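Just so it is clear: in the sequence shown, position 111 is 111 by UniProt numbering, and no numbers are missing.
Every residue, glycine too, gets a C-beta built ideally from N, C-alpha and C.
Being a predicted model, the structure only gives us computed values, none of them experimental.
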Amino acid sequence: MDLSARWVLHLDMDAFFASVEQLTRPTLRGRPVLVGGLGGRGVVAGASYEARVFGARSAMPMHQARRQVGAAAVVLPPRGVVYSVASKRVFDAIREVVPVLEQLSFDEAFGEPAALVGADAAEAERFCEDLRRLVRERTGLVASVGVGSGKQIAKIASGLAKPDGVRVVGRAEEKTLLSGLPVRKLWGIGPVAEEKLHRLGIETVGELAALEGSEVASILGVTIGPALHQLARGIDHRPVAERAEAKQISAESTFAADLITLDQLREATGPIAEHAHRRLERDGRGARTVTVKLKKSDMSTLTRSATLPYATTDVATLLATARRLLLDPVDIGPIRLLGVGFSGLSDVRQESLFPELEQQEAELGDTRIPVAPPEPDSGGWRIGDDVTHPQLGHGWLQGAGHGVMTVRFETRCSGVGPTRTFPVDSPDIVRANPVDSLDWADYLSELADYQSTP
């Protein structure tokens, strides 16, 4: 293929987790929705654009996001299985037009459509608008698309396209677009590389591009330096290809000073596990096995693992399991590096019915990890649970406590539904499959037939 004639697109679903909640629960449309952990250590997995107006964003501590949004915030636990099905339908639709996709997560992917080889910018824009229209028609969800000569430019362009737009970056404007960006925006530049460049007075991508290749290699290393220099100059020939699924997702950190107490080790586990958890959420699968890696000051390494009864993305359960696996530095010696890994990755995840109880079991009695206290007399229900009623159909729990629960009965295609209040022990209210809130009977039937085919 003539690389000068290629167009690479980056499709990114807008506020995906929160948008799926608003899609399946019409009452939430237009309201500031926060999806994420509800406990004391909870983080935001997704924020609707209405919540972002107040400064809320992904990876922010939930307590901070709630404070910024105020009383209007609607906070919901993640429903991973619903996002997984919605994501599959999105990308099934896109693959009808762009057969090869390099899917990065639940909500974003690269494509290199053969139909756009040699096309001009106007044709590329029309193609992407048609693609966005297809996604909206099939799913009701909104995608933004960036287009450029390679992955780097396409990803930057999709950020410029948000929300709900297309941005095509032509060859003539690539250099101008790149040159003014902070170096951290360049693919592969992390905080360490950024600090090295800043110390030398290199603040922008344009300033990095202006260096000689040998200079960049001496600053950033002979392995990664030349590749980053090429990207800074707008040269990006990396192909778009289907990705092999990772077998493990992990994060680790080396400490400036060795950790010598169990309390220090427990405290350090939180941010490391949460970093790995954010990567797990982006991957779109749940984890069944948690592994802790401990490197001692003598450079020897110990690893310990535990396997849960089912794959999960519940951060409290995963974190509690990691903390349970820790060994006391008083017994084994000072710790210089700690890693947390998740494996046994699976698309099939069981929604947690009683997360507080499961977390307590994983902690084996450790009460130092704060969790959201249950409402009085809630009957084990939590806000956001999917339920069904024999006459009123599918609904979700808007509140529970003091012996009663309030349910909103609605799905994707019902419009804003009615609310009803029941005793928490009402036999008419039973737990439901969260996927039913999508109300995609035709698609789910096809999916089931496909999965059951030998």
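From residue i to residue j, what distance separates their C-alpha atoms?
i             : j              : result
arginine 132  : valine 407     : 34 Å
histidine 10  : serine 218     : 32 Å
leucine 397   : glycine 111    : 39 Å
alanine 93    : threonine 139  : 9 Å
aspartate 442 : valine 85      : 13 Å
lysine 74     : valine 33      : The residue asked about is misnamed: residue 74 is valine in this sequence, not lysine. Answer to the nearest angstrom: the Cα atoms are 5 Å apart.
residue 523   : leucine 280    : Nothing about residue 523 can be read from this structure; the chain reaches only from 1 to 454.
alanine 51    : glycine 80     : 20 Å
cysteine 128  : valine 135     : 11 Å
valine 430    : lysine 247     : 36 Å
threonine 291 : alanine 273    : 10 Å
proline 191   : proline 423    : 53 Å
glycine 42    : leucine 186    : 30 Å
arginine 25   : serine 437     : 8 Å
aspartate 386 : valine 416     : 16 Å
valine 8      : aspartate 164  : 19 Å
valine 145    : alanine 72     : 30 Å
alanine 172   : isoleucine 235 : 13 Å
serine 346    : alanine 432    : 21 Å
arginine 243  : aspartate 283  : 11 Å
glutamate 358 : aspartate 439  : Residue confidence for glutamate 358 is low, a pLDDT of 37 falling below 50, so the modelled location carries little weight; the figure read from the coordinates is stated next. Cα to Cα, the separation comes out at about 30 Å.
proline 113   : glycine 170    : 16 Å
glutamate 212 : glycine 201    : 15 Å
valine 53     : leucine 231    : 32 Å
glycine 159   : glutamate 108  : 12 Å
glycine 221   : serine 214     : 10 Å
serine 343    : alanine 210    : 43 Å
serine 149    : leucine 177    : 13 Å
threonine 223 : arginine 382   : 50 Å
valine 330    : proline 271    : 22 Å
arginine 266  : valine 100     : 43 Å
arginine 336  : histidine 275  : 18 Å
Which residues does DSSP list as the beta-bridge partners of residue i?
i              : result
serine 305     : Thr291
tryptophan 396 : Asp386 and Arg408
histidine 10   : Phe110 and Gly146
lysine 175     : Note: lysine 175 sits in no beta bridge, so no partner.
glycine 286    : Ser346
threonine 312  : Ala287
tyrosine 247   : Sequence check: residue 247 is lysine here, not tyrosine. According to DSSP, lysine 247 bridges with nothing at all.
lysine 296     : Ile335
leucine 220    : Looking at the DSSP assignment, leucine 220 forms no beta bridge with any residue, so it has no partner.
glutamate 252  : Gly339
glycine 36     : Val44
Using a Cβ-Cβ cut-off of 6 Å (strictly less than) and excluding sequence neighbours within five positions of residue i, which residues of its own chain qualify?
i             : result
glycine 206   : Ser179
aspartate 328 : Leu262
glycine 36    : Gly42, Val43, Val44, Ala45 and Met62
threonine 421 : Val404 and Thr406
glutamate 195 : none
valine 168    : Ala121, Ala124, Glu125 and Val147
Between the options, which has its C-alpha nearest residue i's C-alpha?
i                 : options                           : result
arginine 184      : Arg304, Leu116 and Leu228         : Leu228
threonine 269     : Leu338, Val20 and Asp130          : Leu338
alanine 102       : Ala56, Val430 and Arg238          : In the sequence as presented, alanine is not what sits at residue 102; that position holds glutamate. Per the Cα distances, Arg238.
phenylalanine 106 : Leu116, Gln64, Ala143 and Lys88   : Lys88
glycine 70        : Ile156, Ala209, Ser250 and Gly55  : Gly55
serine 250        : Ser414, Ser305 and Ala154         : Ser305
alanine 241       : Lys151, Arg324, Val330 and Gln68  : Lys151
valine 20         : Tyr83, Met60 and Ala115           : Tyr83
proline 427       : Val404, Lys155 and Thr419         : Val404
arginine 57       : Arg278, Arg266, Val147 and Gly234 : Arg278
valine 97         : Leu104, Gly225 and Ala115         : Ala115
valine 166        : Arg285, Glu174, Arg323 and Ile156 : Ile156
leucine 141       : Ser445, Cys413 and Pro113         : Cys413
alanine 287       : Glu267, Asp298, Leu392 and Leu308 : Leu308
arginine 323      : Val330, Ala400 and Gln264         : Gln264
histidine 402     : Asp425, Leu392, Arg66 and Pro390  : Asp425
glycine 341       : Thr321, Gln391 and Met60          : Thr321
lysine 175        : Leu208, Ala143, Asp298 and Lys162 : Leu208
leucine 325       : Ala59, Thr289 and Arg95           : Thr289
Among residues of its own chain, excluding the 5 on either side of residue i, which ones have a beta-carbon nearer than 7 Å to its beta-carbon?
i                 : result
glutamine 22      : Leu28, Arg29, Val33 and Ser48
phenylalanine 354 : Bear in mind that a pLDDT of 33 at phenylalanine 354, under 50, signals an unreliable position, so the model cannot answer this.
glycine 384       : Leu76, Pro77, Trp396 and Leu397
leucine 181       : Thr204 and Val205
alanine 5         : Val117 and Gly118
Between residue i and the rest of its own chain, which residues show a CB-CB distance below 8 Å, the 5 nearest in sequence each way excluded?
i              : result
isoleucine 332 : Leu294, Lys296 and Leu302
isoleucine 189 : Val183, Leu197 and Leu228
arginine 349   : Below a pLDDT of 50, predicted positions are generally treated as unreliable, and arginine 349, at 45, falls in that range; no measurement from the model is reported.
Would you verify that the beta carbon of residue i is, or is not, closer than 8 Å to some beta carbon of chain C?
i             : result
aspartate 314 : Of the chains in the structure shown, none is chain C; there is only one protein chain.
Validate contact between the segment 114-130 and the segment 13-32 using beta carbons, cut 8 Å, 3 pairs = By the Cβ rule, the segment 114-130 does not count as touching the segment 13-32, because fewer than three pairs are nearer than 8 Å.
Three CB pairs or more closer than 8 Å across the segment 307-315 and the segment 250-261 = With the cut-off at 8 Å, the segment 307-315 and the segment 250-261 do not touch.
Check whether the segment 408-424 touches the segment 386-396, counting contact only when three or more Cβ pairs, one atom from each stretch, lie closer than 8 Å.
-> At 8 Å Cβ cutoff, the stretches touch.
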